[in-house]
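Colleague: The structure that follows is given in the form of structure tokens.
There are 2 protein chains.
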Amino acid sequence: MTQRSERLERLIVQQEGECCAEDIDERVETLERHVSAFPADTEADRTALNVLGNDTRYTIVRLLVTAGKELCVCEVTPVVDVSDSAVSHALSDLTEAGLVTRRKDGTWRYYEATERATALLDALDRTREGTQ
Amino acid sequence: MTQRSERLERLIVQQEGECCAEDIDERVETLERHVSAFPADTEADRTALNVLGNDTRYTIVRLLVTAGKELCVCEVTPVVDVSDSAVSHALSDLTEAGLVTRRKDGTWRYYEATERATALLDALDRTREGTQ
DNA sequence: TGGGTATCTGAACAGCTATTCAGGTAACTG
DNA sequence: CAGTTACCTGAATAGCTGTTCAGATACCCA
């Protein structure tokens, strides 16, 4: 902490020309204020990001979002190049992460992308390299 | 493929009451059209998602977005609970993933969140459980 | 130029993850 | 109720990832 304050002090000197104790306090407090402004449940965010960051699961979600409606597991499976079991695991992970919802109809299961999934893909689409 | 067509045929029978060969073709073609409508570079998307899905890197980006301006490495380090080296690796990964940009000023390095990073966090914030 | 500082890099390794395999469950059908 | 179908689950394992340690690099300053 002391060492970190020293480095911060040197940064402030570099930026402002000089630096007193209050300058350091102020800078540290600003950082702390930023951190305490973080949303409460950031773990759920990271889970959603990681779950969506996998090839199989990303492809499934992209398909559901593109379709714009719920699809049956048997419509999803041919699109991704893994076993039925892997698709099932993927859909289970996606459901738990809040990226898809599940509806049962007899032996069939229908999955649909959530708003969160749609919002994330939309954010990526809007900021893709060479877009805008 | 045949097996999958059979399952799809049974699904269509279940949904529509009956199903001829054209019905199956039409359904398969629709799925294929969805897939070919995917953006070209989805790998970069998944990289961005995975990079942002890590605790250290998420926290750094969240800090930079909250600050709304570039910060020096020495301002970032005290906020995350890992070694200087880990922070450096994290910032390097984030830069490569297009989530932050880097500016040199002497021995100091300043990092700032990109639009892509901001858009992703914003998507998460707008769709958080119990929001809206 | 020599010492100090800020940050980066590569290797190593513990821990996590994605897939498959084998088998299980629930629902329809005759 | 017996067979079939659609999908799920748990264990196993190969491969990936995140962190640290040790050392390197680039820059500043006296």
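Line order of the protein sequences matches chains A and B. Every letter in the first sequence is one number past the one before it in my numbering, and letter 90, counting from 1, is 90. Quick note, my numbering runs 132 ahead of the 1-based positions in the second sequence. By construction, the Cβ of each residue, glycine as well, lies at the ideal position given by its N, Cα and C atoms.
Assess, as a yes-or-no matter, whether the region 148-167 of chain B is touched by the region 193-204 of chain B under the definition of 3 or more beta carbon pairs within less than 8 Å.
Modeller: no
Colleague: Could you tell me the alpha carbon to alpha carbon distance between B:SER137 and A:VAL76, rounded to whole angstroms?
Modeller: 12 Å
Colleague: Whole-angstrom Cβ separation of A:LEU99 and A:VAL73, contact assumed at under 8 Å?
Modeller: Rounded to the nearest angstrom, the Cβ distance from A:LEU99 to A:VAL73 is 16 Å, too far for a contact under 8 Å.
Colleague: Please give the ranges of any beta strand (DSSP E) in the region 63-113 of chain A, keeping only runs that are unbroken, at least 3 residues long and fully inside the region.
Modeller: 100-105, 108-113
Colleague: Between A:GLY106 and the rest of its own chain, which residues show a CB-CB distance below 6 Å, the 5 nearest in sequence each way excluded?
Modeller: Correct list: empty, nothing qualifies.
Colleague: Please check the pair B:LEU181 and A:GLY53, which I expect to be a contact at CB under 8 Å, by giving their CB distance rounded to whole angstroms.
Modeller: 4 Å
Colleague: Provide the residue span of the alpha helix (DSSP H) that contains B:ALA172, from first to last.
Modeller: Taken as a continuous stretch (DSSP letters only), B:ALA172 belongs to no alpha helix (DSSP H), as it is neither H nor E.
Colleague: Look at A:THR47 and A:ALA86 and say whether their C-beta atoms are less than 8 Å apart.
Modeller: no
Colleague: Assign A:VAL51 to buried or exposed, taking buried as 16 or more other Cβ atoms, counted over all protein chains shown, within 10 Å of its Cβ.
Modeller: buried
Colleague: Assuming A:GLU115 contacts B:THR250 under a Cβ cut-off of 8 Å, what Cβ separation, rounded to an integer in Å, is found between them?
Modeller: That belief does not hold up - the Cβ atoms of A:GLU115 and B:THR250 are roughly 19 Å apart, past 8 Å.
Colleague: Taking its Cβ as the centre, do 16 or more other Cβ atoms sit within 10 Å of A:THR30, making it buried, or is it exposed?
Modeller: Taking a 10 Å sphere around the C-beta of A:THR30, we find fewer than 16 other C-beta atoms and assign the residue as exposed.
Colleague: What whole-angstrom Cβ distance do A:TYR111 and B:THR174 have, given they're in contact under 8 Å?
Modeller: 19 Å between Cβ atoms; not a contact.
Colleague: Alpha carbon to alpha carbon, how far is B:LEU253 from A:LEU71?
Modeller: 28 Å
Colleague: Closest Cβ-Cβ distance between B:GLU207 and chain A: below 8 Å?
Modeller: yes
Colleague: To the nearest angstrom, how far is the alpha carbon of B:ALA221 from that of A:ARG7?
Modeller: According to the sequence as given, residue 221 of chain B is His; it is not Ala. Answer to the nearest angstrom: the Cα atoms are 19 Å apart.
Colleague: Provide the residue span of the alpha helix (DSSP H) that contains A:THR118, from first to last.
Modeller: 115-126
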